[in-house]
Amino acid sequence: MKDTREAEIVREVLLGDTQAFGILVREYQGPVYNLMLRMSGDADLAADLAQEAFTRAYEKLETFNLRKRFFPWLYSVSLNLARDWLRKRGRDVHVFVEDASVMVRSEDVVDVQGAIHARLDGAKAFDIVKGLDVKYREALILRYKYDFSIREIAEVLGLSVSGAKMRLSRGLDMVRHQFNEGSND
Amino acid sequence: MNKLCSIAVLIAFWSLIVFGVQPSFAVGGTLADQKTRALECGVSSESLDEVEALVKAGSFSEGEGVALVSPLLTACEKGLPVAPLQGKLAEGLAKQVAPLRIVQALNVKLEAYGNASLLLNRHMKSVTPEVLGVVGEGLSRGVSQQDFEAYVAEYNAQPSEIFLTGAEMISLLGQIGFDPEQTRTMLEAGFVSGGLTPQWRYLVRVVLVARQRGVSDSTIGEAAAAVLSERGTVNDVSARLGFTSRSMTGRVKSQ
Amino acid sequence: MTDEQKEILMEDAIVESIRRAPEVDVPEGFSARVMEGLSPKTPSVWTRMYLWLVRPQVLTVRPLQVIPVATLTVALLAFAFIQMNTAPSEDALRLANVRFVMYDGEMSAQNVSVVGSFNGWKADRSVMWYSVEAGAWMLEAELPPGDHEYLFLVNGERLVPDPLAPLTRDDGFGNRNSIMFVVGENEQAL
Chain S
1 MKDTREAEIV REVLLGDTQA FGILVREYQG PVYNLMLRMS GDADLAADLA
51 QEAFTRAYEK LETFNLRKRF FPWLYSVSLN LARDWLRKRG RDVHVFVEDA
101 SVMVRSEDVV DVQGAIHARL DGAKAFDIVK GLDVKYREAL ILRYKYDFSI
151 REIAEVLGLS VSGAKMRLSR GLDMVRHQFN EGSND
Chain H
1001 MNKLCSIAVL IAFWSLIVFG VQPSFAVGGT LADQKTRALE CGVSSESLDE
1051 VEALVKAGSF SEGEGVALVS PLLTACEKGL PVAPLQGKLA EGLAKQVAPL
1101 RIVQALNVKL EAYGNASLLL NRHMKSVTPE VLGVVGEGLS RGVSQQDFEA
1151 YVAEYNAQPS EIFLTGAEMI SLLGQIGFDP EQTRTMLEAG FVSGGLTPQW
1201 RYLVRVVLVA RQRGVSDSTI GEAAAAVLSE RGTVNDVSAR LGFTSRSMTG
1251 RVKSQ
Chain D
2001 MTDEQKEILM EDAIVESIRR APEVDVPEGF SARVMEGLSP KTPSVWTRMY
2051 LWLVRPQVLT VRPLQVIPVA TLTVALLAFA FIQMNTAPSE DALRLANVRF
2101 VMYDGEMSAQ NVSVVGSFNG WKADRSVMWY SVEAGAWMLE AELPPGDHEY
2151 LFLVNGERLV PDPLAPLTRD DGFGNRNSIM FVVGENEQAL
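Written out as structure tokens, the structure is:
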């Protein structure tokens, strides 16, 4: 959705047109729900958390800077909510992640490029990403799935621009490392 | 200027905004205009420059810049203190608060100062900036208008420094929700005995410590009233309540 | 193929896998659920005015008949004109020594500053120094009597209230500031 259109929608909502908020909900419910799934590991909890995230965004809508993109701001609100929830839960939530060390066995293949891609079964790679600490995981997803700019990632995660870049490169390193480990047999 | 006529016009505009009808003219002031008027009136340039720079850098739109500067300009043109609003604006900018929130906070302060000024002028011929500041800040932080009104109505003839001390106590104690009846009682004792000196404004510190130790507001109030009627000091109140001022500040962390 | 090239390829593959990762579908009726729980907003006069001001249009200036924003604000507040004595008080000029302290036994912070009403909320003038002895960040300052609002700025990015401050106050933006009472020369605030 175009940024200007979104700003208009937000203005309408602030002026009293509640239904207009539904447009934003339907646009971003997928990513927010999936974020909550990653954070909680449970579908029902994720739905509750996602609903709360949108509710909170609606309540705080006055604080949204109309000149910026809506999705990064919404993501910030959602991520903070999820973090608060985790903190209250005492961090004893075990997020279920498929065993990322179950790798496609490395084989003697002449086509190295193909081999790398074959080894790097997309689903397995993403499992490793999902298994990373939230700091790295969300940075990678924001960058490569949702095409956030570095600056936007920095804002959402509360980092400086250079901090965000480091987060990304370390995140990639970690995924790569886990692959190399997994496939050394 | 015909006051009635202009107020009618102004109320008409107010109604337009309240009922959501868009006035059919464009915004007349640009940020540059606002800044010029503000400087002419006497608003210091620092906050104006900061807002202007942020608009130029694209962090705020021109409209947001105008909205941020407006309350300062209004305060200045109405002879109200501008410094508290400038401070709030600087705080909001430094904390990177959303402009709407800053505007709202500024307008809350502006309204509070306006009410403070009306309140004080109802009872007093001349209003010092200090007292206006104390009452304005107190109102903006939620102290009840009645508490101030009752105080000002009764004690406005007192010497200005003592009057100011009393106002500060109403403000600070009001902000922490201390029983206003108790505040009134102790102030009365202080005025009658002549024992209310400027250092009493910080009785609030003793109240905070006492509350931490489970002492009730009424016990604190009684102790304070008793000490005031004997023309004692704030330290005497701590002593009466069973702790020394040393124990209040005995930690290395003392600020 | 060099190691570096392999590394790049692997990175590409990882990025691709993130890009193409499937998104789990939201449960049915989710958006309806969300919308049900929302109550309509009733914007205040200030909010309406603000939104009108920031509406995406070009601002044009028309002389004379136009009512400037400041007058509009005045309309909404309707004050009487006041005569005021504007001489500043002399008490305000007396400064007192105060010390800000933030305990950090393990020195986990990299740098800490004090920002507050007395320094325009700008950190550059109030950087704290770390005392290994005390296990704390410190700053001595001279402040005029009164109540001052402040926060600690940790690592240039996080604003943290002073855990030792006896009083905090709503900053009007939804957060809280710590309050320090400065009483007189060398007096200690709580």
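As they're listed, the protein sequences go chains S, H and D. When you line the first sequence up against our numbering, it's residues 1 to 185, in that order. When you line the second sequence up against our numbering, it's residues 1001 to 1255, in that order. When you line the third sequence up against our numbering, it's residues 2001 to 2190, in that order. The beta-carbon is built from N, C-alpha and C at its ideal position, and this holds for glycine as well. Model, not experiment: these values are computed from the prediction.
Among the options, nearest to residue i - alpha-carbon criterion
{"i": "S:Lys188", "options": "D:Pro2161, D:Arg2125 and D:Ile2014", "result": "Since the first residue shown for chain S is 1 and the last is 185, residue 188 of chain S is missing from the structure and cannot be characterised."}
{"i": "D:Pro2040", "options": "S:Leu140, S:Glu27, S:Tyr58 and S:Met39", "result": "S:Tyr58"}
{"i": "H:Gln1199", "options": "H:Glu1062, H:Ala1167, H:Tyr1151 and H:Ser1044", "result": "H:Ala1167"}
{"i": "D:Val2183", "options": "H:Thr1197, H:Pro1159 and H:Ile1176", "result": "H:Thr1197"}
{"i": "H:Glu1188", "options": "H:Val1066, H:Val1108 and H:Val1227", "result": "H:Val1227"}
{"i": "H:Arg1231", "options": "H:Leu1106, H:Tyr1202, H:Val1207 and H:Gly1190", "result": "H:Gly1190"}
{"i": "H:Ser1160", "options": "H:Val1043, H:Glu1091 and H:Leu1132", "result": "H:Leu1132"}
{"i": "D:Trp2046", "options": "S:Gly30, S:Arg26, S:Leu14 and S:Asp44", "result": "S:Leu14"}
{"i": "S:Glu155", "options": "S:Asp44, S:Phe70 and S:Gln29", "result": "S:Phe70"}
{"i": "D:Asn2111", "options": "D:Asn2119, D:Leu2095, D:Ala2136 and D:Gly2120", "result": "D:Ala2136"}
{"i": "S:Asp17", "options": "D:Met2035, D:Gly2120, D:Met2010 and D:Met2049", "result": "D:Met2035"}
{"i": "H:Gly1042", "options": "H:Lys1056, H:Val1082, H:Ala1067 and H:Leu1054", "result": "H:Val1082"}
{"i": "S:Gly22", "options": "D:Ser2117, D:Pro2144, D:Leu2038 and D:Gly2146", "result": "D:Leu2038"}
{"i": "D:Leu2095", "options": "D:Val2115, D:Asn2119 and D:Glu2142", "result": "D:Glu2142"}
Classification of residue i by the beta-carbon crowding that lies within 10 angstroms, buried from 16 upward
{"i": "H:Gln1182", "result": "buried"}
{"i": "H:Lys1035", "result": "buried"}
{"i": "D:Met2107", "result": "exposed"}
{"i": "S:Asn34", "result": "buried"}
{"i": "D:Ile2008", "result": "exposed"}
{"i": "D:Val2132", "result": "exposed"}
{"i": "S:Asp133", "result": "exposed"}
{"i": "D:Pro2144", "result": "exposed"}
{"i": "H:Gly1194", "result": "exposed"}
{"i": "S:Gln51", "result": "buried"}
{"i": "S:Glu152", "result": "buried"}
{"i": "S:Lys88", "result": "exposed"}
Three-state secondary structure (DSSP) of residue i
{"i": "S:Leu15", "result": "coil"}
{"i": "D:Met2107", "result": "coil"}
{"i": "H:Asp1236", "result": "helix"}
{"i": "D:Gly2116", "result": "strand"}
{"i": "D:Arg2176", "result": "strand"}
{"i": "S:Asp173", "result": "helix"}
{"i": "D:Glu2140", "result": "strand"}
{"i": "D:Asp2124", "result": "helix"}
{"i": "S:Phe70", "result": "helix"}
{"i": "D:Asn2097", "result": "strand"}
{"i": "D:Phe2181", "result": "strand"}
{"i": "D:Gly2146", "result": "strand"}
{"i": "H:Ser1229", "result": "helix"}
{"i": "H:Arg1213", "result": "coil"}
{"i": "D:Ala2078", "result": "The predicted position of D:Ala2078 is uncertain, since its pLDDT is 29 and thus under 50; a value taken from the coordinates is nonetheless stated next. Coil at D:Ala2078, not helix or strand."}
{"i": "S:Phe148", "result": "coil"}
{"i": "D:Glu2004", "result": "helix"}
{"i": "D:Phe2152", "result": "strand"}
{"i": "D:Thr2168", "result": "strand"}
{"i": "D:Ser2131", "result": "strand"}
{"i": "S:Leu45", "result": "helix"}
CA-to-CA distance, residue j to residue i, given in whole angstroms
{"i": "S:Leu86", "j": "S:Leu49", "result": "11 Å"}
{"i": "D:Asn2175", "j": "H:Ala1094", "result": "13 Å"}
{"i": "D:Tyr2103", "j": "S:Lys68", "result": "37 Å"}
{"i": "S:Arg38", "j": "S:Arg167", "result": "18 Å"}
{"i": "H:Gly1063", "j": "S:Arg176", "result": "48 Å"}
{"i": "H:Ile1220", "j": "H:Leu1172", "result": "15 Å"}
{"i": "H:Leu1203", "j": "H:Leu1072", "result": "33 Å"}
{"i": "H:Ser1059", "j": "H:Gly1065", "result": "10 Å"}
{"i": "H:Gly1092", "j": "H:Ala1224", "result": "38 Å"}
{"i": "H:Arg1141", "j": "D:Glu2011", "result": "55 Å"}
{"i": "S:Lys135", "j": "S:Phe64", "result": "23 Å"}
{"i": "D:Ser2117", "j": "H:Ser1229", "result": "36 Å"}
{"i": "H:Ala1157", "j": "H:Gln1145", "result": "19 Å"}
{"i": "H:Ser1045", "j": "H:Leu1039", "result": "7 Å"}
{"i": "H:Leu1120", "j": "H:Val1152", "result": "7 Å"}
{"i": "H:Ala1075", "j": "S:Val161", "result": "39 Å"}
Using a Cβ-Cβ cut-off of less than 7 Å, give me the residues of the segment 43-67 of chain S that come near chain H, in sequence order. If the cut-off is 7 Å between Cβ atoms, the segment 43-67 of chain S has Glu62, Thr63, Phe64, Asn65 and Arg67 near chain H.
According to a CB-to-CB cut-off of less than 7 Å, which residues of the segment 131-154 of chain S neighbour chain D? Answer in chain order: Leu140, Ile141, Tyr144 and Lys145.
Taking any Cβ of chain S, which residues in the segment 2029-2042 of chain D have a Cβ under 8 Å from it, in chain order? Correct list: Phe2030, Ser2031, Arg2033, Val2034, Met2035, Gly2037, Leu2038, Ser2039, Pro2040, Lys2041 and Thr2042.
Mind listing which residues of the segment 1062-1079 of chain H have their C-beta closer than 7 Å to chain S's C-betas, in chain order? Correct list: empty, as no residue qualifies.
Which residues of the segment 1152-1185 of chain H have a Cβ closer than 8 Å to any Cβ of chain D? Give them in chain order. Leu1172, Gln1175 and Ile1176: these are the residues of the segment 1152-1185 of chain H whose beta carbon lies less than 8 Å from some beta carbon of chain D, given in chain order.
Beta carbons nearer than 9 Å to chain S: which residues of the segment 1088-1099 of chain H have them? Listed by position, the residues of the segment 1088-1099 of chain H near chain S (Cβ gap below 9 Å) are Val1097, Ala1098 and Pro1099.
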